[in-house]
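Residue numbers (our numbering), protein chains in the order written: chain A, 1 to 233; chain B, 1001 to 1318.
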């Protein structure tokens, strides 16, 4: 579904990605793991069209490298940005409706709003509330729900657990688990290796701009070097 | 949906009052009200780009110069009447505004504000030094608006030109800001990143906000040119741009009626000062500070708060 091949990118003279190759198949959760500065965010900026790169990024059978960010989203590749970027002065409902901005099928939009509210009952309770007044976890729910309103074929989640209390982190990964059965393809970008592996089918481990390890989530979890460096056992 | 008619009736009532009032008011008051209306059109443009869309613009004086000089020059050099000249100049300012907005591709925040300031400076230098066209520092006479062979020069006659135009523009912008476009502008202010992830071409909408502000600035400038009958390049500088930002802050920043309230304060202050005109700048600055500290929502926000305070009795009774 989403395939990066030999992607190189740099910020000015500093090379940030040295030939990254990732395959994220349809209907599965693939996670991209690594510490701060490993190149996860850079990889995502390349995928979403925010940073020019060389190599190839194929989505749904078509080359998307070099396309404008909004064009990429319109092809069905949505990103949930990190730090819960909401329209903070708008209500939950208004945020959801803006999520469907690229669509014009009014009836279906209303049905999909019901759909995401079923998925996140907490948001139904808060429907008319200004989103700035939501808790951190609810805000993260809303960013994910809003992204789903665009009816993406593929969802990228950028550090969904960033800056949340441990209890809320569990809640967020629960949400991912709840979206999985809908058959949504996802790429999960995370520092929290343990939690991410628990909800993933496949995983890639990045270090200093390169893919260090790849495999099924179980294989990665069992790898001794991962055990040592990331899982602390 | 069924309540659409009520605001419509309010607008209609407002129009009736605006059209009847000059019949009982003095010529001087009517002239002043006309100037408030043309200033408010310029301020309205700024409400869109700076208030709603969150892009600080110090280019509003440049846009109003394009409108004022554009319409006056079209009339003098080519004989184009103002009712065609002002819309033409507004279209030109709209295109210039879109171009200015595109500069935000590489520049954001304060840097974009600096670019808008530079635009005002460049336009003003152009007005001052392209003497063969603009009359330079000596200024330019604005030919009167002529409709059906009659020259409209009195404050009374121009009121009936400027106020209906302002009314239509305010009505139009009110509807536009309540539409999908208005919601995208507001979203732009709140999170550009989020907007981008929703498949919206952020650059285009930013440029569009600048284009609208430019066109409105030019209409306001063009109409005000007819009222003042004379254009001086000194009246279209960075200070004038800053003053317009102050106008919308005093009025209510994101508030559409606020644009009128702020403009009214701006036009009426010199009169309240009487013999103390020299202190106009100081009074204006103090007023601005007071508003920012005490009424961050401007006059419109203060009015709404007052209305809410008067109403709780009715709310408790229910």
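Glycine residues also receive a C-beta, built at the ideal position from the N, C-alpha and C atoms.
Note that the coordinates shown come from a computational prediction; the quantities given were computed from them, not determined experimentally.
- Residue 170/A is outside the set of residues whose beta carbon lies under 7 Å from a beta carbon in chain B.
- The Cβ neighbour count for residue 107/A, taken over all protein chains shown within 10 Å, is under 16; the residue is labelled exposed.
- If you check the CB distance, residue 1193/B and residue 81/A come in under 7 Å.
- Per the coordinates, the alpha-carbon of residue 98/A lies some 11 Å from the alpha-carbon of residue 1197/B.
- Residue contact check for residue 1194/B against chain A: a CB pair falls below 7 Å.
- Shown here, residue 206/A sits in a strand according to DSSP, grouped into three states.
- Note that the segment 1032-1042 of chain B touches the segment 1249-1263 of chain B; at least 3 beta-carbon pairs, one per stretch, sit closer than 8 Å.
- Per DSSP, the beta bridge partners of residue 62/A are 59/A.
- Sequence-distant partners of residue 1123/B (beyond 5 residues in either direction) whose C-beta falls short of 6 Å from its own C-beta, in its chain, are 1062, 1065.
- Residue 1080/B carries a coil assignment under DSSP once its states are collapsed to helix, strand and coil.
- A residue is called buried once 16 or more other Cβ atoms fall within 10 Å of its Cβ, and residue 1170/B is buried on that count.
- Taking a beta-carbon distance threshold of 7 Å, residue 1199/B counts as an interface residue toward chain A.
- If only uninterrupted alpha helix (DSSP H) runs of at least 4 residues are considered, those enclosed by the segment 1136-1192 of chain B are 1155-1177, 1180-1190.
- Taking the C-beta atoms as reference points, residue 1060/B is found no nearer than 7 Å to residue 1176/B.
- From the beta-carbon of residue 1055/B, no residue of chain A is found nearer than 7 Å; the closest lies around 16 Å away.
- The Cβ of residue 1187/B sits closer than 7 Å to at least one Cβ of chain A.
- For residue 1183/B, the neighbours in chain A by C-beta distance under 9 Å run, in chain order, 87, 90, 94, 97, 98, 101.
- Taking C-alpha positions only, residue 90/A is separated from residue 135/A by approximately 15 Å.
- Listed as beta-bridge partners of residue 31/A by DSSP are 188/A, 203/A.
- Taking 7 Å as the cut-off, the Cβ atoms of residue 1132/B and residue 1058/B do not count as close.
- Going by DSSP, residue 1200/B is part of no alpha helix (DSSP H) at all; its letter is neither H nor E.
- Here residue 168/A has 136, 137 as same chain residues with Cβ atoms under 7 Å from its own Cβ, once five neighbours each way along the sequence are excluded.
- Beta-carbon to beta-carbon, residue 1298/B and residue 1251/B are separated by about 5 Å, close enough to satisfy the 8 Å threshold.
- With respect to the 7 Å criterion, residue 46/A and residue 100/A are not classified as neighbours on the basis of their beta carbons.
- At least one beta carbon of chain A lies nearer than 7 Å to the beta carbon of residue 1191/B.
- In the DSSP assignment, residue 7/A falls within the beta strand (DSSP E) that extends over 2-11.
- Excluding the 5 residues flanking it on each side, residue 153/A has same chain C-beta neighbours closer than 6 Å at 76, in chain order.
- The alpha-carbon of residue 170/A is positioned some 13 Å away from that of residue 197/A.
- Of the candidates 209/A, 191/A, 148/A, 41/A, the residue whose Cα lies closest to the Cα of residue 74/A is 148/A.
- Residues of the same chain with a CB within less than 7 Å of the CB of residue 95/A, apart from the 5 flanking positions on each side, are 86, 87, 131, 142, 146 in chain order.
- Here the C-alpha atom of residue 4/A lies approximately 35 Å from the C-alpha atom of residue 92/A.
- A Cβ-Cβ separation of about 6 Å places residue 207/A in contact with residue 34/A under the 8 Å criterion.
- About 12 Å separates the Cβ atoms of residue 150/A and residue 104/A, ruling out a contact at the 8 Å cut-off.
- Under DSSP, residue 112/A takes part in no beta bridge, so it has no partner.
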